[in-house]
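> Next up is a structure, given as structure tokens.
Protein chains: 2
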Amino acid sequence: MRVDIGNTLAATATPGVSRATLDRLDDRVAAAHERIRRGRDEREHGYAALALPDDADPAAVRAATDGFDPAAVLVVGIGGSALGASTLAAALPAPDDAPPVHALDNVDPAHAERLLDDLPLDETVVNVVSRSGTTAETLANFLVVRDAMRSAGVDWTERTLVTTGDAGPLRRLADRHDLPTLRVPDGVPGRFSVLSPVGTAAAALRGADVEALLAGARSAAAGLSGSLFETPGYAYGAVAHALDRRGATSNAMVPYAEALEPFAEWFAQLWAESLGKDGLGQTPLRALGATDQHSQLQLYRAGRRDKLVTLVRPAERDAGLPVPDVPEDVRYLDGASLGDLLDAEFRATEASLAAAGRPSVRVELDRLDARSVGELLYGLEAACVLVGELADVETFTQPAVEWGKTAARGLLGADGEAEREAAAAVAAKERLVVDGD
Amino acid sequence: MRVDIGNTLAATATPGVSRATLDRLDDRVAAAHERIRRGRDEREHGYAALALPDDADPAAVRAATDGFDPAAVLVVGIGGSALGASTLAAALPAPDDAPPVHALDNVDPAHAERLLDDLPLDETVVNVVSRSGTTAETLANFLVVRDAMRSAGVDWTERTLVTTGDAGPLRRLADRHDLPTLRVPDGVPGRFSVLSPVGTAAAALRGADVEALLAGARSAAAGLSGSLFETPGYAYGAVAHALDRRGATSNAMVPYAEALEPFAEWFAQLWAESLGKDGLGQTPLRALGATDQHSQLQLYRAGRRDKLVTLVRPAERDAGLPVPDVPEDVRYLDGASLGDLLDAEFRATEASLAAAGRPSVRVELDRLDARSVGELLYGLEAACVLVGELADVETFTQPAVEWGKTAARGLLGADGEAEREAAAAVAAKERLVVDGD
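Those protein sequences? They're chains A and R, same order as listed.
Numbers given in this note's numbering equal positions in the first sequence, counted from 1, plus 24.
Numbers given in this note's numbering equal positions in the second sequence, counted from 1, plus 24.
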């Protein structure tokens, strides 16, 4: 992975960073790296995620998944228990006949019903993922899925892979029915779990090269050093942090590859949930190149100067055949392939932001293969942890979501005191309704 | 459609608006409404979009689409020429056997190839959409698709529906091969064209009720008045504008329905491209309830106070059956359906934002049907046009994207002077590369 921060320099962009700023920041990066290295070596909560390339056990994932040969994979999880699997399923190369991966990561009854109607349940593997086993959405969805399998005469115990912690209802279920089980690693928050079985099981079911993914991540891990000028992930994190403090309070993640569209969602969770606390945190925007040039670029280039744009691409890709039968109105397309057009748009968009004095970073993978994706994901996790250190926030917790969970339980009738109080607060809502009828 | 702005009041939220602010704003809304009404009545550029519920000719759409009975629909377009179709295809009810709608709205060669491999080309209708007929991505994709049909022995002239303007290569093509053709209406920018054939053709091919969609939009159009307290779309626009000026420079659109996920992308284009200019414009964030409670809510509730959250839901939906076999760890789920859980989470999230003093708006549809979706889309278009008036920006242009298009043409070898200059600027890029290898 290469990170080019040239277009964030103050000579080009406003907000921008000077070389002197980068040199000063590099001292803080060195100190932060020591903290990160220690946390990783001692497997402290959260920091343990950066040890996953070594700690993850791909053989266990293979052992749990090799017995299946599904026509489809259904991941039942939410947030960090689904986004990693979706990211890898889309980004990693797989055989032509690899099963599609669907995520049931919402509790929309119409959507769940349609998905279950469309899936060949007798040839689907269900991978239910929840560390606690008590995540409301995940458990509810799994129970609905299991019921649908039973109703379809499918033996769900033959088609269910459980990824969970050491206790809770999913662990009990797995023990009772002797289901294949993978363990959510200790000390790794969901949004940092993509390299663990939480993310890799679905990829393995597609026949993707999980070993190469981990090898790429290991190489990025080995490359972490005390200098942003030597470590792509730290270069990205340091610049994102410096720009955030200088007014770029949003960060648009724009991969130029359809296969990386879920990756942008994964990044959005990583960034938002890790750094969005204490009134701080850069807001991640999810976009896709070249498509969103026709949707978001006007704003990025001419709106408020509060955005960093992160452009991601593979340096090499199969560009496809030349576009055939080009009419004379667009003669410049003659001889160009879709890949040539996409590449020209990538470079033109990057330059168009620079010409408007807007900061952007170029993140470049060698190509879209498992190894490069491993480098990318690890590099951005390291970037996120670095930003947390530089901003002095608690990167690995998410305390602000608890109140809503308590209130939802209260609304559904849970009778604890906290639940009753929160439910009462929901009922006290301020109203000012404008009705069209 | 109902819009509840109670949780944006200063008594609840920071930033927030006071009742006095709303009253003052209402005078400006009255003046803006006069401007909007005049523009609509005289079919001025852009404002003409608000006349579409009357001007759109659903019979023409039916006539152009009735001859097809496809197994799949492929929309070839980009930006406003694809997002409206995708939005309606997902949001409008359709028969169980309605064909899926795919959008080829990027120039990723691997993605295009996979999509063409997966589609039954001899049973697919291709709807190619470009007003000028010269949009690079759309034309290139269409030529690739046509070539694939020819290679598969499919008569593409029997399976292609063209939506374009009065001139250009697509119009010539349609004339030469006598293809069914729909006309992009005059004076309607792509991002405001969802109610025109640009958006409705694919929905009609699915058998959706385009007439009811337009009837809902007509009802919203008839309801536009000079007061934000009487017009839901204006209430939304006025509050979004007031909050933007008070620091809520981002606006998270969070529908609680999977069928409205593309709607959030449609809104993001509408808002970003219309209002993102002159250093202004609220940044749209695309999210999905309840899923993104496990990804973005931590940031929305505890990050910077720079966000408005817009929560959208149908007031009524089929909640589904109770979740079966609930284990005792989560007894509060006993008797609840997925819909009950989703509804509890909607209300709990809304209250959790209010408890943290964060502004949110509730947008409520009667139900997820064509009429309500028509009200929603028209209401938000009216909101957007109102914000443009209140902020004094040119709502209906997108000048900042031209430079990049010119540069991309230059990189592909177009030999105009502007193209050569822009391509040279691309080559002059500032570099500061951190390499992991």
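Idealized CB from N, CA, C, for every residue including glycine.
(1) Is the Cβ-Cβ distance between leucine 248 of chain R and alanine 259 of chain R less than 8 Å?
(2) Verify the CB distance criterion: does arginine 337 of chain R have a CB-CB separation below 8 Å to chain A?
(3) Compute the Euclidean distance between the alpha carbons of glycine 103 of chain R and proline 123 of chain A, then round it to the nearest angstrom.
(4) Quick test of your reading: glutamine 322 of chain A and valine 425 of chain R, contact by CB under 8 Å. State the CB separation rounded to the nearest angstrom.
(5) Measure the C-alpha to C-alpha separation of leucine 163 of chain R and glycine 108 of chain R and round it to an integer number of angstroms.
(6) Can you check whether the C-beta of tyrosine 356 of chain R is within less than 8 Å of a C-beta belonging to chain A?
(7) Taking Cβ-Cβ distances shorter than 7 Å, what residues in chain R pair up with tryptophan 427 of chain A?
(8) By the three-class DSSP mapping on this structure, what secondary structure does alanine 314 of chain R have?
(9) Can you list, in chain order, the residues of the stretch 420 to 453 of chain A whose Cβ is nearer than 7 Å to any Cβ on chain R?
(10) Let me make sure I understand the geometry here. Which of A/Ala176, A/Pro221, A/Ala198, A/Leu203 has the alpha-carbon closest to that of proline 209 of chain A?
(11) Please name the residues in the stretch 178 to 198 of chain R whose beta-carbon is closer than 7 Å to at least one beta-carbon of chain A, in chain order.
(12) Taking tryptophan 427 of chain R and alanine 379 of chain A to be in contact with their CB atoms under 8 Å, please state how far apart those CB atoms are, rounded to whole angstroms.
(13) How big is the Cα-Cα spacing for proline 119 of chain A and arginine 64 of chain R?
(14) Name the chain R residues whose beta carbon is nearer than 7 Å to that of arginine 325 of chain A?
(15) For aspartate 459 of chain R, name the three-state secondary structure that DSSP assigns.
(16) 8 Å is my cut-off, CB to CB: does alanine 176 of chain A come that close to chain R?
(17) Comparing the C-beta of asparagine 130 of chain R with each C-beta of chain A, is any distance below 8 Å?
(18) What first and last residue would you give for the beta strand (DSSP E) that runs through methionine 277 of chain A?
(19) With a threshold of 8 Å on Cβ separation, who are the neighbours of phenylalanine 370 of chain A within its own chain once the five nearest residues in sequence on each side are excluded?
(20) With contact counted as at least three CB pairs below 8 Å, one residue from each stretch, are the stretch 200 to 207 of chain A and the stretch 79 to 95 of chain A in contact?
(21) Are the stretch 396 to 411 of chain R and the stretch 337 to 351 of chain A in contact at 8 Å, needing three or more beta carbon pairs?
(22) Within 10 Å of its beta-carbon, does glycine 1 of chain A have 16 or more other beta-carbons around it, so buried, or fewer, so exposed?
(23) Enumerate in chain order the residues of its own chain whose CB-to-CB distance from aspartate 268 of chain R is below 6 Å, with the five nearest sequence positions on each side excluded.
(24) Taking 8 Å as the threshold (C-beta atoms), are valine 333 of chain A and arginine 270 of chain A in contact?
(25) Closest by CA to alanine 452 of chain R, which one among A/Ala372, A/Leu436, A/Thr430?
(26) My output table needs one value for arginine 52 of chain R: the three-state DSSP class, helix, strand or coil.
(27) When burial is assigned at 16 or more other CB atoms within 10 Å of the CB, is serine 361 of chain A buried or exposed?
(28) With a threshold of 7 Å on Cβ separation, who are the neighbours of arginine 67 of chain R within its own chain once the five nearest residues in sequence on each side are excluded?
(29) Return the residue from the list R/Arg195, R/Gly231, R/Arg391 that minimises the CA-CA distance to aspartate 93 of chain R.
(30) Just verifying my parser: in three-state terms, what is the DSSP assignment at lysine 429 of chain R?
(31) When DSSP labels each residue in this structure, what does serine 384 of chain R get in the three-state scheme?
(32) Tell me whether the stretch 281 to 291 of chain R and the stretch 131 to 141 of chain A touch, counting them as touching only if at least three CB pairs, one residue from each stretch, are closer than 8 Å.
(33) Can you name the start and end residues of the alpha helix (DSSP H) that proline 144 of chain A belongs to?
(34) Please return the same chain residues whose Cβ sits closer than 6 Å to the Cβ of alanine 72 of chain R, not counting the five positions on each side in sequence.
(35) Could you give the distance in angstroms between the alpha-carbon of cysteine 408 of chain A and the alpha-carbon of alanine 245 of chain A?
(36) Are the C-beta of aspartate 121 of chain R and some C-beta of chain A separated by less than 8 Å?
So, from the data block:
(1) no
(2) no
(3) 30 Å
(4) 5 Å
(5) 19 Å
(6) yes
(7) Ser376, Ala379
(8) coil
(9) Gln422, Ala424, Val425, Trp427, Gly428, Ala431, Ala432, Arg433, Leu435, Leu436, Gly437, Ala438, Ala449, Val450, Lys453
(10) A/Pro221
(11) Gly192, Pro193
(12) 6 Å
(13) 54 Å
(14) Ala424
(15) strand
(16) no
(17) yes
(18) 274 to 279
(19) Tyr280, Gly313, Ala314, Leu335, Arg337
(20) yes
(21) no
(22) The structure shown does not extend to residue 1 of chain A, since chain A is modelled only from 25 through 461, so no value can be given for it.
(23) Gln306
(24) no
(25) A/Ala372
(26) helix
(27) buried
(28) Ala75, Gly211
(29) R/Gly231
(30) helix
(31) strand
(32) yes
(33) Premise fails: proline 144 of chain A is in no alpha helix (DSSP H) and is neither H nor E.
(34) Gly211, Val212
(35) 14 Å
(36) no
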